[in-house]
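Sequential numbering of the sequence shown, starting at 99, is according to our numbering.
Even for Gly, the Cβ is constructed at its ideal location relative to N, Cα and C.
For reference, the structure is listed below as structure tokens.
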Amino acid sequence: MVGSLTFYIVYQGATVVLAARRLDKLGAITKDITSSGGKAAAVTCDILKEEDVQNAVTFTISTFGRIDSAFNNAGIAGGRGPIHTLSMTDYDRIFDVNLRGIFMCMKYEISAMLESGGGTIVNVSSGAGLSQRLS
Numbered sequence: 099m100v101g102s103l104t105f106y107i108v109y110q111g112a113t114v115v116l117a118a119r120r121l122d123k124l125g126a127i128t129k130d131i132t133s134s135g136g137k138a139a140a141v142t143c144d145i146l147k148e149e150d151v152q153n154a155v156t157f158t159i160s161t162f163g164r165i166d167s168a169f170n171n172a173g174i175a176g177g178r179g180p181i182h183t184l185s186m187t188d189y190d191r192i193f194d195v196n197l198r199g200i201f202m203c204m205k206y207e208i209s210a211m212l213e214s215g216g217g218t219i220v221n222v223s224s225g226a227g228l229s230q231r232l233s
């Protein structure tokens with residue numbers, strides 16, 4: 099889904115910066131975008147590391163001048179099994195990725211957007227909707 103959305107917004111004229119923990123996952127998408135005339139770049143970013151998030155925003159601004167929109171797509175459903183069986187270690191990991199990581203992204207994105215007149219942020223967090231329902 100994210101790949102399709104990325105190509106759609108590039109087709110509409112957007113310039114994109116893709117961020118992930120590993121660049122090898124982004125290389126093919128970035129290459130496809132640029133070879134078809136779009137503007138794209140990739141940067142390494144672990145949203146659990148504040149320095150990575152700050153560097154990704156700085157990279158985006160230094161490469162393309164500004165951030166108009168951000169699509170933060172990071173989330174995990176957590177451990178296996180029903181919520182009442184999860185450990186606090188599972189909970190801490192879920193909280194860190196789904197809330198703290200997204201918060202850090204918005205912190206630096208909003209700061210950059212305010213400097214250039216505003217922007218839009220869309221957050222997608224948690225894969226919990228893909229897990230089992232209570233029975």
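Which of helix, strand or coil does DSSP assign to residue i?
i: S167; result: strand
i: I174; result: coil
i: I219; result: strand
Buried or exposed: which applies to residue i, given that a residue is buried once 16 or more other Cβ atoms fall within 10 Å of its Cβ?
i: M211; result: buried
i: A289; result: For the chain, the structure presents residues 99 to 233; residue 289 sits outside this window and is missing.
i: M202; result: buried
i: G199; result: buried
i: L124; result: buried
i: L116; result: buried
i: V220; result: exposed
i: Y106; result: exposed
i: T158; result: buried
i: T104; result: buried
i: R231; result: Here the model assigns R231 a pLDDT of 49, short of 50, so the residue's position is not dependable and the matter cannot be decided.
Nearest to residue i by alpha carbon, out of the options?
i: G215; options: I181, V108, D166 and Q110; result: D166
i: I208; options: A168, G173, T142 and G111; result: A168
i: T128; options: D194, A138, R119 and Q152; result: A138
i: V151; options: G163, A172 and T132; result: A172
i: S134; options: Q110, N153, G163 and E148; result: Q110
i: I174; options: L121, S102, S223 and R120; result: S223
i: D194; options: D144, G136, R178 and R164; result: D144
If we require 3 or more residues per run, which beta strand (DSSP E) segments fall completely within the segment 104 to 135?
Complete beta strand (DSSP E) runs here, min 3: 114 to 118.
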